Amino acid sequence: MEWSDRHCRYLWRLISRHAVLYTEMVTTGALLHADPERFLRYNPSEHPLALQLGGSNPADLATCSKMAEDWGYDEVNLNCGCPSDRVQNGMIGAILMAHPEKVADCIKAMQDAVSIDVTVKHRIGIDDMEDYPGMAHFVETIAKTGCKTFIVHARKAWLQGLSPKENREVPPLRYDMVHQLKREFPELEIVINGGLHTLEQCEEQVTGLDGVMVGREAYSNPYLLAEVDKRFYHDEHPIPSRQEIASQFVAYCQEQMNEGQLLKYMTRHVLGLFQGLPGARRFRRHISENAHKQDASIAVLEDAISLVNF
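Taking this note's numbering, the leading residue of the sequence shown gets 8, the next gets one more, and so forth.
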């Protein structure tokens, strides 16, 4: 699972015991020139946990990878898929797909700095790159460093002419290209990402591949993850109810507020927990209208939960 801050990841871990969680992308500049704890702090229950980095300077990426290992992360991932203008200008994200040798240098530096896994997340291509051959060359070049895991967002990124939001929706999904990549490089671990909204879709796409990554759908509908452990990890523990999850999240929020966190930074991640249940709209409205207030207490979340008909 990807695209999350620590409060969101904690919620996801309450729902799924086994899924690998990824941080939202953190640039090397942010880690090197700001307070690292702000970006690296996490709850021990979040393991297995990966830190996703944005950058293109091998030395900086190596330093930040070592920071991730020292903080106890299980994996460090280089983002070669983000299409935003801001990261393009900094030679970060999807634009790196046009520079596979540079990415290979970065990955090698990261590997030399740590003993944890170093992985790559990328698109199937960018702009006028020759789709499959271009992606295959990108992967093959990096794989020569010993990198084994590639998480592939099955959309091309158009860096000229489309906004970051449009790049998540407009370019057509090409799952077939990801499956072709696995057939051509069977020794690599290939994980598919993009446009997956149901566990049925995940089961269909994971056939022949090594894994599935879900991002936006898990954020907007976190209870989607409730059956992940049973379906994909063969875990026979009882599936937690939404009420149980909400109760544990309330306790977590109170702990965080005791440390000075504001309620609004945590409740925004739980808005979709009751999607489809009677009272879900009332739950969301109550949080939206009250959690942002300076004096908001844990009662705001408790009262919102009481509006849901379980």
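Note that CB positions come from ideal geometry on N, CA and C, so glycine has one too.
Only a predicted model underlies this, so the values are computations on that prediction, with no experimental measurement involved.
In the DSSP assignment, the residues bridged to Gly218 are Val198. CA-to-CA, the gap between Leu270 and Ser304 works out to about 7 angstroms. Residue pairing for Gly61: DSSP places it in a beta bridge opposite Thr34. Taking 8 angstroms as the cut-off, the beta carbon of Leu68 is found no closer than this to the beta carbon of Met98. Between Ala233 and Ile22, the C-beta spacing is below 8 angstroms. Looking at the DSSP output, Asp124 shares a beta bridge with Glu82. Going by beta carbons, Leu216 and Val235 fall outside the 8 angstroms limit. Taking Gly218 as reference, the option from Glu147, Cys260 and His25 with the minimal CA-CA separation is His25. The Cβ atoms of Leu166 and Ile133 sit closer than 8 angstroms to each other. Taking 3 residues as the shortest admissible run, the segment 202-282 contains the following complete beta strand (DSSP E) segments, listed from N- to C-terminal end: 218-220.
By the CB criterion at 8 angstroms, Thr156 and Glu191 fall outside the cutoff. In the structure shown, His129 adopts extended strand secondary structure according to DSSP, grouped into three states. The beta carbon of Phe46 lies closer than 7 angstroms to those of Val33, Ala37 and Leu38 in the same chain, with the five residues before and after it left out. The shortest C-alpha to C-alpha distance from Thr205 to any of Leu231, Leu180, His186 and Thr214 is the one to Leu231.
Nearest to Gly286 by C-alpha distance, out of Gly267, Asp310 and Met104, is Asp310. The criterion of a C-beta distance shorter than 8 angstroms is satisfied by Cys87 and Lys128. In the structure shown, Ile305 falls within a helical segment according to DSSP collapsed to helix, strand and coil. Judged by DSSP secondary structure, Arg13 falls within the alpha helix (DSSP H) whose first and last residues are Arg13 to Ile22. A distance below 8 angstroms separates the beta carbons of Tyr17 and Glu53. Among the bridge pairs identified by DSSP, Cys87 is matched with His129. Looking at Asp112, Gly201 and His186, the one whose alpha-carbon comes closest to that of Leu180 is Gly201. Per DSSP, the unbroken beta strand (DSSP E) holding His160 starts and ends at Thr156 to Ala164. Taking all protein chains in view, the Cβ of Phe290 is crowded by 16 or more other Cβ atoms within 10 Å, so the residue is classified as buried. For the pair Glu82 and Gly279, the Cα-to-Cα distance works out to about 28 angstroms.
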